[in-house]
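UniProt numbering puts the first residue of the sequence shown at 1, with every later residue one more than the last.
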Amino acid sequence: MINSDGFVLIRDVFSGEEIKRLRKTVKTYFRNKGLLANSGLTQPNAAVEFTDIGWLFYHPKMLAVMRQLLGQKDIMFTSHCDVHCRTLSAWHKDDGMGVMEGGYFGFPAYDQQDCRVYKVALYLQDHDNNTGGLTVRKGSHKFSEIHQGEEVYLKTKAGDIVVFDVRLSHTGQQDIIPFPSLQKPNLILQKALNKSLKIPPNKSQKYLKDIYDKLFVERLSIFFTYGLPNDYTKAFAINNMKRQLWQNKNTNIFLSPETRQAFINNNVLLAEDYFSELINEN
Ligand SMILES: O=C(O)CCC(=O)C(=O)O
Ligand SMILES: [Fe+2]
């Protein structure tokens with residue numbers, strides 16, 4: 001139950017064909033776009049910047065899942081989307097408490113029942129036999145502490161999604177190598193590089209990551225967010241958009257006319273209709 005646990009894994013939302021097509025589109029995109037971040041590449045504000053993945057956000061299965069989890073037909077798309085390529089991660093929440101004063105909601109909203117902002121995590125490769133997928137802390141959306149709550153690793157396969165409350169503590173791949181059995185050999189290798197060749201740890205880490213990235217399937221992921229059409233979701237959308245604009249160093253706020261129309265045709269409400277305060281600020 002997403003209400004009590006703060007997350008839910010849903011199998012086979014996207015087909016093998018759709019994932020194949022997405023991998024190709026995302027890989028091509030990052031050939032000459034994206035920001036360097038977390039030892040990989042990231043595209044913030046991808047719902048606006050990366051129009052080729054627009055179909056994902058109003059895919060019939062995706063909307064059916066969100067309507068079911070939010071418990072009503074009226075749902076809102078926040079315009080949040082981050083796409084990642086080969087990135088590493090650490091424990092955090094996506095409520096913006098680490099980004100701005102009061103977080104994206106403007107205040108700590110951990111005990112608020114109506115605060116229902118749900119993020120989709122879509123990994124474009126299998127994570128059932130490695131530790132490069134999503135790890136969450138069960139029930140941690142109910143409190144501010146990041147390191148509290150039972151740790152659960154989600155063995156997703158490409159095409160599955162995880163939907164989680166943005167207040168939930170979670171992390172993606174933390175180690176440069178996502179296989180526990182290879183962690184020790186990797187450490188030995190790294191120490192050898194540091195000692196014998198006098199390569200500093202941060203450089204040897206980057207060097208080894210580049211090699212592992214070539215050996216294993218390219219780790220690609222897409223995150224995007226919906227919510228109940230209320231003030232919590234609007235505040236999240238506006239403040240998270242500020243974060244995306246800071247990162248991109250631009251003022252591109254609005255969805256493409258095609259994406260916007262597709263949402264309207266599917267009766268999805270849009271947080272961008274409340275973005276006028278962002279225009280006045282820019
Ligand atoms: O790298 C991952 O898999 C997690 C990314 C994440 O948590 C985020 O984009 O907020
Ligand atoms: Fe996150």
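No residue lacks a Cβ here, since even glycine has one placed at the ideal position from N, Cα and C.
Because the structure is a prediction, the values reported are computed rather than measured.
Member of the options whose CA lies at the smallest distance from the CA of residue i
{"i": "Arg116", "options": "Lys214, Asn267, Leu245 and His141", "result": "His141"}
{"i": "Gly34", "options": "Pro185, Asp82 and Leu134", "result": "Asp82"}
{"i": "Lys155", "options": "His59, Ala121 and Phe143", "result": "Ala121"}
{"i": "Asp111", "options": "Asp165, Tyr29 and Met62", "result": "Asp165"}
{"i": "Met97", "options": "Gly71, Ser144, Met62 and Thr135", "result": "Ser144"}
{"i": "Ala64", "options": "Pro185, Thr25 and Asn267", "result": "Asn267"}
{"i": "Ile177", "options": "Ile199, Phe216 and Pro201", "result": "Phe216"}
{"i": "Tyr212", "options": "Val26, Lys61 and Ser39", "result": "Ser39"}
{"i": "Leu9", "options": "Lys198, Gln205 and Tyr153", "result": "Tyr153"}
{"i": "Val26", "options": "Cys85, Pro60 and Gln72", "result": "Cys85"}
{"i": "Thr87", "options": "Pro60, Lys73, Tyr29 and Lys209", "result": "Lys209"}
{"i": "Ala37", "options": "Lys206, Ala271, Thr28 and Ile199", "result": "Lys206"}
{"i": "Arg11", "options": "Lys61, Gln174 and Thr135", "result": "Lys61"}
{"i": "Gln174", "options": "Lys24, Ser196, Thr28 and Thr135", "result": "Thr135"}
Rounded distance between the beta-carbons of residue j and residue i, thought under 8 Å
{"i": "Ser169", "j": "Arg137", "result": "4 Å"}
{"i": "Thr78", "j": "Asn265", "result": "The Cβ separation is near 19 Å, so there is no contact."}
{"i": "Thr171", "j": "Trp91", "result": "5 Å"}
{"i": "Pro185", "j": "Thr131", "result": "Rounded, the Cβ-Cβ distance is 15 Å, inconsistent with contact."}
{"i": "Lys93", "j": "Arg167", "result": "6 Å"}
Close-in-space but distant-in-sequence residues of the same chain around residue i (CB under 6 Å, 5 per side omitted)
{"i": "Val99", "result": "Arg243"}
{"i": "Leu22", "result": "Leu124"}
{"i": "Met66", "result": "Ile75 and Tyr226"}
{"i": "Ile253", "result": "Phe275 and Leu278"}
{"i": "Ala109", "result": "Cys115"}
{"i": "Ser204", "result": "Gln190, Leu193 and Asn194"}
{"i": "Ile2", "result": "Val8 and Leu69"}
Beta-carbon contacts of residue i that lie in its chain and below 8 Å, excluding the five residues immediately before and after
{"i": "Gly139", "result": "Ser4, Asp5, Gly6, Gly149 and Glu150"}
{"i": "Ser256", "result": "Val48, Thr51 and Gly54"}
{"i": "Asp114", "result": "Leu228, Asn230 and Tyr232"}
{"i": "residue 332", "result": "Look at the range of the chain in this structure, 1 to 282, and you will see that residue 332 is not part of it."}
{"i": "Lys73", "result": "Arg67 and Asn267"}
Residues near residue i in its chain [Cβ-Cβ closer than 7 Å; skip 5 each side]
{"i": "Lys157", "result": "Asp126 and Asp128"}
{"i": "Tyr58", "result": "Ala262, Phe263, Asn266 and Val268"}
Closer than 7 Å: residue i CB and nearest ligand 2 heavy atom
{"i": "His92", "result": "yes"}
{"i": "His127", "result": "no"}
{"i": "Thr147", "result": "At residue 147 the sequence reads His, which differs from the Thr that was named. Every heavy atom of ligand 2 is 7 Å or more from the Cβ of His147, so no."}
{"i": "His141", "result": "no"}
heavy atom of ligand 1 below 7 Å from residue i C-beta
{"i": "Gln173", "result": "yes"}
{"i": "Asp82", "result": "yes"}
{"i": "His59", "result": "no"}
{"i": "Ser276", "result": "no"}
{"i": "Ser221", "result": "yes"}
{"i": "Thr87", "result": "yes"}
{"i": "Leu36", "result": "no"}
{"i": "residue 283", "result": "Lying outside 1 to 282, the shown extent of the chain, residue 283 is not represented and no answer is given."}
{"i": "Leu134", "result": "yes"}
Segment contact, 8 Å Cβ cut-off, at least three pairs: the region 103–120 with the region 232–244: yes
Cβ pair count under 8 Å reaching 3, the region 26–45 against the region 247–266: Yes, they touch.
Cβ contact check for the region 158–165 and the region 180–198: 3 or more pairs under 8 Å: no
The region 9–16 in contact with the region 210–224 per 3-pair CB rule at 8 Å: no
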